[in-house]
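Line by line, the protein sequences are chains W and U.
For the first sequence, position 79 (counting from the first letter as 1) is numbered 180 according to the working numbering, and the numbering increases by one without interruption.
For the second sequence, position 223 (counting from the first letter as 1) is numbered 324 according to the working numbering, and the numbering increases by one without interruption.
Even for Gly, the Cβ is constructed at its ideal location relative to N, Cα and C.
Just so you know, these numbers come straight off a predicted model, no measurement behind them.
This report refers to the structure that appears directly beneath it.
Number of protein chains: 2
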Amino acid sequence: MSPATNHLGIDVGGTKSLGVVVDADARIVRTARHATPHGADAVIDTIVALVDELGPVDTVGVGVAGLVTHDGVLRAAPNLPGIRELAVGDRLRRRLGRDVAVENDATCATVAEWRLGAGDGVPEMLMVALGTGIGGGVVSGGEIRRGRNGFAGEFGHMVIDPHGPPCVCGRRGCWERFASGAGMARLAREAALGGRAARVVDLAGGDAELVRGEHVQTAAREGDADALAVVDEFGRWVALGLANLTNAFDPEVIVVGGGLVSGVDLYREPVERWFAELLYAPEARPHPRLTVARLGEQAGAVGAALLGAGRAD
Amino acid sequence: MSPATNHLGIDVGGTKSLGVVVDADARIVRTARHATPHGADAVIDTIVALVDELGPVDTVGVGVAGLVTHDGVLRAAPNLPGIRELAVGDRLRRRLGRDVAVENDATCATVAEWRLGAGDGVPEMLMVALGTGIGGGVVSGGEIRRGRNGFAGEFGHMVIDPHGPPCVCGRRGCWERFASGAGMARLAREAALGGRAARVVDLAGGDAELVRGEHVQTAAREGDADALAVVDEFGRWVALGLANLTNAFDPEVIVVGGGLVSGVDLYREPVERWFAELLYAPEARPHPRLTVARLGEQAGAVGAALLGAGRAD
């Protein structure tokens, strides 16, 4: 890249689509955002609008939540209702008259954190993005690993409790039923329905069914013991999944990101304590370093820009 | 390697240690075996004895069950009582006056199946060895992946049911409590204690506590419905773990090996049926191919020979 080049990255999330332009030093020089509309055509239109708004640029990369194949087909997208088998790459190439790199959004965030953020460029790194659900990405041998089809890193749907609550994916006890934003809310509702967590229910307007993760966090910050117990339980579930991933990948660093990072001051201590407790053979191994993502909500868009520029590795 | 070279591989298992010499075409030309003794010094002596017995050779590789670091230190070995922090590589170098490659035994078996067996050399492959416990190995991007410390692929201690039975590792509900030889026996004992599996208990001499995996297999081959139900349940637990690994790694091929392969005629159908059922987004993805290991009990030793010869990739 010459110093004057500009690279556009767009992160198409379940609620909003964020575009950023980075320069040759990966500094953000422009940003724009739109609400993510419903339906395939409208999503493509939104991406094209962001390209028009933020252009001209030298390369374009797009991250999308869901199963994205190596050739840019979105096979399944639980958070984008009505979208399946959408050839995002081909559609954008035709509309824009240029090549567009299309990747899973968590893969994009992984690239950004690895190259520019909390991953420090280590050769063995995992990213776990705790949001509404759980996304993930894998760096091994100093390269992003996408697996056979591009679907590696779908950590959220690893079953960790076959007797657990039903998941949107049709099975039971997926990790993201416990360790996501939706998971924290569920743990809190269970506590509330069990007669605990009165303050949390208060904050939800008195209806246990309306409890959300932020009510737990607010009550926990006030020092409410029941809310802190929910946070501790949440931390244990997060740690259980991270320990499982450590068995599988043996990473040096695990970067924890996603929307729930805003509450990390609350659950960092429980996660770290439970992680040390749940790790296999903890006395015989260096413990992976757990770090917090540094690029915030822009990680996906920045990573998409890096991938579009061919700067993933 | 010149055509005349010979490569020795030794697989140190919990009960026996197997040595094989392979030629430049990876054909086995000599084998020997000893019982694996107890204690660090005796294990080293046994390896040295196998080298003396099978030599002269050009290279030596050793596979050991447990956490093996990149520089050949056995940090923890649940199946080799009394052994911890054993510098296998250094000890053998001193005794033999030559370099010796030391690796985890499942990593060795993975290399062998990938290069010469059921893995067909595909770039994205997992091996899962179902024996007394569960071992594993990872091929990604066309290379063996060992992780930061050499400990990747410890699939057996991924927790899949936190309310499950206690594991030797000190936690609860590890995958190998369900999907190993010990797991099948446990499932059968539970059925027996619940008043089912009368024929299985018969075969165990009338004592439900003495039921082992082979009793289940014998009764299932006779067509006993209770035994077949245990095999089905076992197949579901195997499949659950394989589906989890698919989410994490997105492999093209999963090779199932280890001692339990002898019963694969019984559980192949249940494993495949449950795998298709438990896979995340099964309609949106090519299903990984499940294949049975082809190198049998010699996989570990052959893989150790290949790794010793520097022919892992």
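Beta-carbon of W:Gly284 versus every beta-carbon of chain U: anything under 7 Å?
Taking Cβ atoms only, chain U never reaches closer than 7 Å to W:Gly284, which makes this a no.
According to the neighbour-count rule (16 or more other Cβ atoms, all chains shown, within 10 Å of its Cβ), is W:Thr116 buried or exposed?
By the beta-carbon neighbour count (other beta carbons within 10 angstroms, threshold 16), W:Thr116 is exposed.
What residues from chain W crowd round U:Gly248, counting only those whose CB sits closer than 7 Å?
By Cβ distance, chain W contributes Glu225, Phe350, Asp351 and Pro352.
In angstroms, rounded to a whole number, what distance separates the CA positions of W:Arg313 and U:Leu346?
Each residue's alpha carbon lies about 31 Å from the other.
Locate the alpha helix (DSSP H) running through W:Ile148, then write down its first and last residues.
Where W:Ile148 is concerned, the enclosing alpha helix (DSSP H) stretches over Ala141 to Leu155.
If contacts are defined as beta-carbon pairs under 8 Å, then W:Asp327 and W:Ala298 qualify, I think. What distance do you get, rounded to the angstrom?
With 8 Å as the limit, W:Asp327 and W:Ala298 qualify as a contact, their Cβ atoms being about 4 Å apart.
Any 3 or more C-beta pairs closer than 8 Å across the segment 178–188 of chain U and the segment 210–230 of chain U
Using a Cβ-Cβ distance cut-off of 8 Å, the segment 178–188 of chain U and the segment 210–230 of chain U are not in contact, since fewer than three pairs of beta carbons, one from each stretch, lie closer than that value.
Is U:Pro371 helix, strand or coil when you go by DSSP?
If DSSP states are grouped into helix, strand and coil, U:Pro371 belongs with the helices.
Separation of U:Thr160 from U:Met102, as counted between CA atoms:
Because the pLDDT at U:Met102 is just 45, under 50, the model does not fix this residue reliably, and the value given afterwards should be weighed accordingly. Each residue's Cα considered, the two are about 10 Å apart.
Range covered by the alpha helix (DSSP H) that runs through W:Met285
Per DSSP, W:Met285 belongs to the alpha helix (DSSP H) from Gly282 to Leu294.
Once the 5 residues before and after W:Leu396 are set aside, which same chain residues still bring their CB inside 7 Å of it?
Cβ neighbours of W:Leu396 beyond the five flanking positions: Ala213, Glu214, Leu217, Gly218 and Val403.
Would you kindly work out how many angstroms separate the C-alpha atoms of W:Leu197 and W:Val144, rounded to a whole number?
Each residue's Cα considered, the two are about 14 Å apart.
Touch check for the segment 381–389 of chain W and the segment 246–255 of chain U: three-plus C-beta pairs under 8 Å?
Segment contact: the segment 381–389 of chain W against the segment 246–255 of chain U, three or more CB-CB distances shorter than 8 Å; contact assigned.
Near W:Trp375, which residues of its chain fall below 6 Å by C-beta distance, leaving aside the five closest residues on each side in sequence?
These residues qualify, in order along the chain: Gly336, Arg337 and Ala340.
With the cut-off set at 7 Å, would you say U:Asn107 and U:Val158 are in Cβ contact?
Closer than 7 Å, so yes.
Looking at the secondary structure, which residues open and close the alpha helix (DSSP H) in which U:Asp262 lies?
If you look at U:Asp262, you'll find it isn't in any alpha helix (DSSP H); DSSP assigns it neither H nor E.
Could you check what DSSP says for U:Val403 in three-state terms: helix, strand or coil?
Helix.
Would you call W:Leu227 buried or exposed, if buried means 16 or more other Cβ atoms sit within 10 Å of its Cβ?
Taking all protein chains in view, the Cβ of W:Leu227 is crowded by 16 or more other Cβ atoms within 10 Å, so the residue is classified as buried.
Give the DSSP-derived three-state secondary structure of U:Leu168 in the structure shown.
Taken through DSSP and simplified to helix, strand or coil, U:Leu168 comes out as strand.
Residues from the segment 171–198 of chain W in contact with chain U, defined by Cβ distance under 9 Å:
Listed by position, the residues of the segment 171–198 of chain W near chain U (Cβ gap below 9 Å) are Arg176, Ala177, Pro179, Arg185 and Glu186.
Got a sec: which bits of the segment 369–387 of chain W sit with their beta carbon under 7 Å from any beta carbon on chain U, in order along the chain?
Flagged, chain order: Leu379, Tyr381, Ala382, Ala385, Arg386 and Pro387.
Taking W:Glu204 as part of the alpha helix (DSSP H), name the residues at either end of that continuous run.
Taken as a continuous stretch (DSSP letters only), W:Glu204 belongs to no alpha helix (DSSP H), being part of the beta strand (DSSP E) at Ala202 to Asn205.
For a contact defined as C-beta to C-beta under 8 Å, what are the partners of W:Cys71 on chain U?
The structure shown does not extend to residue 71 of chain W, since chain W is modelled only from 102 to 414, so the question has no answer here.
Determine the burial state of U:Val260: buried for a count of at least 16 other Cβ atoms within 10 Å of its Cβ, exposed for fewer.
Label assigned to U:Val260: buried.
Spatial neighbours of U:Val169 in its chain, beta-carbon cut-off 7 Å, leaving aside the 5 residues before and after:
The residues are Leu175, Val203, Glu204, Asn205 and Gly251.
Would you verify that the beta carbon of U:Met228 is, or is not, closer than 7 Å to some beta carbon of chain C?
Among the chains of the structure shown, chain C does not appear; the protein chains present are W and U.
Short CB-CB distance (under 7 Å) between U:Val260 and chain W
Look at U:Val260: its C-beta is under 7 Å from a C-beta on chain W.
Straight-line CA distance for W:Glu154 to W:Asp126?
Those two C-alpha atoms are separated by around 22 Å.
Taking a contact to mean a Cβ-Cβ separation below 7 Å, would you say U:Gly110 touches U:Ala305 in this structure?
No, the Cβ-Cβ distance between U:Gly110 and U:Ala305 is not below 7 Å.
Shorter than 7 Å from the beta carbon of U:Phe279 to some beta carbon of chain W?
Taking Cβ atoms only, chain W never reaches closer than 7 Å to U:Phe279, which makes this a no.
Span of the beta strand (DSSP E) around W:Thr132:
DSSP places W:Thr132 in the uninterrupted beta strand (DSSP E) bounded by Ile129 to Ala136.
Output, in chain order, the set of chain W residues within a Cβ distance shorter than 8 Å of U:Pro426.
The shown model of chain U, from 102 to 414, leaves out residue 426 of chain U, and the question about it has no answer.
Can you list the residues of chain U that W:Leu168 reaches, using a CB-CB cut of under 7 Å?
Neighbourhood of W:Leu168 in chain U, by CB distance below 7 Å: Ala382, Ala385 and Arg386, in chain order.
Between U:Gly140 and U:Gly173, which are expected to be in contact by the criterion C-beta below 8 Å, what is the C-beta distance as a whole number of angstroms?
Incorrect: roughly 19 Å between the Cβ atoms, too far for contact.
Contacts of U:Ala330 in chain W (Cβ-Cβ under 8 Å):
The CB of U:Ala330 never comes closer than 8 Å to any CB in chain W; the least such distance is about 17 Å.
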